[in-house]
Amino acid sequence: MSRILIGAAVIALTVAALHSADARAVKTTKTNSIDIEYAEPKSAEHRQVLQLVKEGRTLERIQALLSPIRLPRRLLVKTQGCDGVSNAWYDGESVTICYEYLDELWKNATQETTPAGIAPIDTLIGPVVDVFLHEAGHAVFDILQVPLFGREEDAADQFSIYIMLKMEKDEARRLIMGNAYQYKGDVQSPTVSMPLKKFSDEHGTPSQRFFNVLCLAYGADKVLFADFVSKGYLPQDRAEGCEAEYAQVDFAFKRLIVPSIDVKLARSLHKRWLVPADTRLKKRR
Numbered sequence: 007m008s009r010i011l012i013g014a015a016v017i018a019l020t021v022a023a024l025h026s027a028d029a030r031a032v033k034t035t036k037t038n039s040i041d042i043e044y045a046e047p048k049s050a051e052h053r054q055v056l057q058l059v060k061e062g063r064t065l066e067r068i069q070a071l072l073s074p075i076r077l078p079r080r081l082l083v084k085t086q087g088c089d090g091v092s093n094a095w096y097d098g099e100s101v102t103i104c105y106e107y108l109d110e111l112w113k114n115a116t117q118e119t120t121p122a123g124i125a126p127i128d129t130l131i132g133p134v135v136d137v138f139l140h141e142a143g144h145a146v147f148d149i150l151q152v153p154l155f156g157r158e159e160d161a162a163d164q165f166s167i168y169i170m171l172k173m174e175k176d177e178a179r180r181l182i183m184g185n186a187y188q189y190k191g192d193v194q195s196p197t198v199s200m201p202l203k204k205f206s207d208e209h210g211t212p213s214q215r216f217f218n219v220l221c222l223a224y225g226a227d228k229v230l231f232a233d234f235v236s237k238g239y240l241p242q243d244r245a246e247g248c249e250a251e252y253a254q255v256d257f258a259f260k261r262l263i264v265p266s267i268d269v270k271l272a273r274s275l276h277k278r279w280l281v282p283a284d285t286r287l288k289k290r291r
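At position 40 of the sequence shown the residue is numbered 46 (my numbering), and the sequence of numbers has no breaks.
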């Protein structure tokens, strides 16, 4: 056998061995790799935020939602005070959501059902679930070494939306509507003005993120989200390509992340995950 053929055979066997080792690692990595922590607030005014998220078992729900993902190491998801800064991040070790950020979402929630039919509780739940899943997306990309083509912030948004869309239909709609609600301030006017520097941010603009949420949802289920187009929330020219946009995200998720998911466990957890839509939203003092 020529040296070229021998070399090719060695490479092929090496790749196969590595692939087999990776497959065994995925199979043997346990689920329930998520740890949670409610840190004590640094500010007294954030104690009511801590009480709100604890009463709603927010971290426990996020832990359950992420538990089917087989990770090779533990991941801590926590809430904490951030010295007055409203922020959320993944730092290579843990996911942190600031009480300041959660408080901001609470302030922006409504006590009345919106004209679009979004229940008050969902105007808070949607954005809260989104920020946890968005940052968890960053963690999953890092820990599982998921290759990305494009901005990671966009991919983290897609990760969040995709998981929401895998819930029961009525709950998926509630989460998507609540998620989109957080961008209402930027989409209530037909024109938007902002400093040029805003376009340099690694995140998309709020308006872009709003339309991306609607487009992926419509692309996933044109019946469930038909009113996004019929009521003019999603422009027709964008809507025409949404099925392809969702298919692209679906393909990437199934190819790169699903092999590390206990699918049977995931399906069992995606049933009746949300509190009822008529749950009273606690008023912020």
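Just so you know, even glycine gets a beta-carbon here, dropped at the ideal spot from N, CA and C.
| task | Could you spell out the range, first to last residue, of the beta strand (DSSP E) harbouring ASP243? | result | The count along the sequence shown starts at 1 and reaches residue 243 at position 237. Counting along the chain, no beta strand (DSSP E) covers ASP243; the unbroken alpha helix (DSSP H) around it starts and ends at 242 to 245.
| What does a CB cutoff of less than 6 Å around ALA31 pick up in its chain, not counting 5 residues either side in sequence? | Here residue 31 refers to the residue found at position 25 when the sequence shown is read from its first residue. Below a pLDDT of 50, predicted positions are generally treated as unreliable, and ALA31, at 38, falls in that range; the measurement from the model is reported next regardless. The answer is none, since no qualifying residue turns up.
| field | Three-state class that DSSP yields for TYR168 in the structure shown | value | What you label residue 168 is simply residue 162 of the sequence shown in a count that begins at 1. For TYR168, the secondary structure class from DSSP, reduced to helix, strand or coil, is helix.
| request: Would you please state the rounded distance, in angstroms, between the beta carbons of SER39 and ILE68? I believe it to be under 8 Å. | output: Start at 1 with the first residue of the sequence shown, and residue 39 comes out as number 33. Start at 1 with the first residue of the sequence shown, and residue 68 comes out as number 62. Their Cβ separation, rounded to whole angstroms, is 13 Å, which puts SER39 and ILE68 out of contact at 8 Å.
| field | From ASP160, SER236 and ILE182, residue whose alpha carbon lies closest to that of ASP207 | value | Residue numbering aside, residue 207 sits at position 201 when the sequence shown is read from its first letter. Of the listed residues, the one whose Cα sits closest to ASP207 is ASP160.
| query | If you compare alpha carbons, which of THR85, LYS60 and MET170 is closest to ASP256? | reply | Within the sequence shown, numbered from 1, the residue matching residue 256 stands at position 250. Put simply, of THR85, LYS60 and MET170 the residue whose alpha carbon is nearest the alpha carbon of ASP256 is MET170.
| field | Residue of ILE167, GLY184 and GLU249 minimising C-alpha distance to THR116 | value | Numbered from its first residue, the sequence shown carries residue 116 at position 110. The residue with the shortest Cα to Cα distance from THR116 is GLY184.
| task | Report the partner residues of TYR44 according to the DSSP bridge assignment. | result | To locate residue 44, count along the sequence shown from 1; it is residue 38. In the DSSP output, where bridge partners are listed per residue, TYR44 has THR85.
| task | Measure the C-alpha to C-alpha separation of GLY238 and THR285 and round it to an integer number of angstroms. | result | Taking the sequence shown and counting its residues from 1, one reaches residue 238 at position 232. Taking the sequence shown and counting its residues from 1, one reaches residue 285 at position 279. C-alpha separation (whole angstroms): 29 Å.
| query | Who are the Cβ neighbours of LEU220 in its own chain at under 7 Å, not counting the five residues just before and after it? | reply | Taking the sequence shown and counting its residues from 1, the one referred to as residue 220 is at position 214. So the qualifying residues of the chain are ALA186, PHE234, TYR239 and LEU240.
| What are the residues that DSSP puts in a beta bridge with VAL101? | On the sequence shown, position 95 is the one that residue 101 refers to. Looking at the DSSP assignment, VAL101 forms a beta bridge with VAL83 and TYR96.
| Stretch pair the segment 117 to 127 + the segment 141 to 157: three plus CB contacts closer than 8 Å | No, because fewer than three Cβ pairs between the segment 117 to 127 and the segment 141 to 157 fall closer than 8 Å, the two stretches do not touch.
| task | With DSSP collapsed to three states, give me the class of ILE267. | result | In the sequence shown, counting from the first residue as 1, residue 267 sits at position 261. ILE267 falls in the strand class under three-state DSSP.
| What span of residues does the alpha helix (DSSP H) with TYR187 cover, start to end? | The residue labelled residue 187 in the question sits at position 181 within the sequence shown. It spans 175 to 187 - the alpha helix (DSSP H) in which TYR187 sits, taken as one unbroken run.
| query | How is ILE149 classed by DSSP in three states: helix, strand or coil? | reply | For the purposes of this step, residue 149 is taken as residue 143 along the sequence shown, with counting starting at 1. Correct three-state label for ILE149: helix.
| request: Ignore the nearest five residues each way along the sequence and tell me which others in ARG290's own chain have a CB closer than 6 Å to its CB. | output: Your numbering for residue 290 matches position 284 in the sequence shown. Taken in chain order, the residues that qualify are TRP112.
| message | For LEU56 and ALA50, I'd like the C-alpha separation in whole angstroms. | response | Translated into positions along the sequence shown, residue 56 becomes position 50. Translated into positions along the sequence shown, residue 50 becomes position 44. Roughly 10 Å separates the two Cα atoms.
| said: Which residue marks the beginning of the alpha helix (DSSP H) containing PRO212, and which one marks its end? | reply: For the purposes of this step, residue 212 is taken as the residue at position 206 of the sequence shown. Its alpha helix (DSSP H) spans residues 212 to 226.
| Mind checking LEU202: buried by the 16 CB within 10 Å criterion, or exposed? | As a first step, residue 202 must be located in the sequence shown, where it is residue number 196. Exposed is the label assigned to LEU202, since fewer than 16 other Cβ atoms lie within 10 Å of its Cβ.
| query | Who pairs with ILE75 in a beta bridge, going by DSSP? | reply | Translated into positions along the sequence shown, residue 75 becomes position 69. Answer is ILE267, bridged to ILE75.
| field | Spatial neighbours of LEU108 in its chain, beta-carbon cut-off 6 Å, leaving aside the 5 residues before and after | value | Numbered from its first residue, the sequence shown carries residue 108 at position 102. Contacts found: VAL55.
| query | Three-state secondary structure (DSSP) at ALA29? | reply | Position 23 of the sequence shown, counted from the start, is the residue given in the question as residue 29. Confidence at ALA29 is low in this model, with a pLDDT of 39, below 50, so its placement is unreliable and the value that follows should be read with caution. If DSSP states are grouped into helix, strand and coil, ALA29 belongs with the helices.
| Can VAL146 and ALA94 be called in contact, C-beta distance under 8 Å? | Reading the sequence shown from its first residue, position 140 is the one you call residue 146. Reading the sequence shown from its first residue, position 88 is the one you call residue 94. In this structure, ALA94 does not lie closer than 8 Å to VAL146 by Cβ.
| If you draw a straight line from the alpha carbon of ALA232 to that of TYR224, how long is it in whole angstroms? | Mapped onto the sequence shown, residue 232 falls at position 226. Mapped onto the sequence shown, residue 224 falls at position 218. Distance between the alpha carbons of ALA232 and TYR224 is about 7 Å.
| query | For the alpha helix (DSSP H) that contains ARG261, what are its first and last residues? | reply | Position 255 of the sequence shown holds residue 261. Element bounds for ARG261: 248 to 262.
| said: Taking the beta carbon of ARG278 as the centre, do at least 16 other beta carbons fall within 10 Å, making it buried, or is it exposed? | reply: Residue mapping note: residue 278 aligns to position 272 of the sequence shown, counting from 1. ARG278 should be labelled exposed.
| According to DSSP, is TYR107 helix, strand or coil? | To locate residue 107, count along the sequence shown from 1; it is residue 101. The DSSP-derived three-state label of TYR107 is helix.
| said: Mapping the DSSP letters down to three states, classify TRP112 as helix, strand or coil. | reply: Along the sequence shown, one-based indexing puts residue 112 at 106. Helix.
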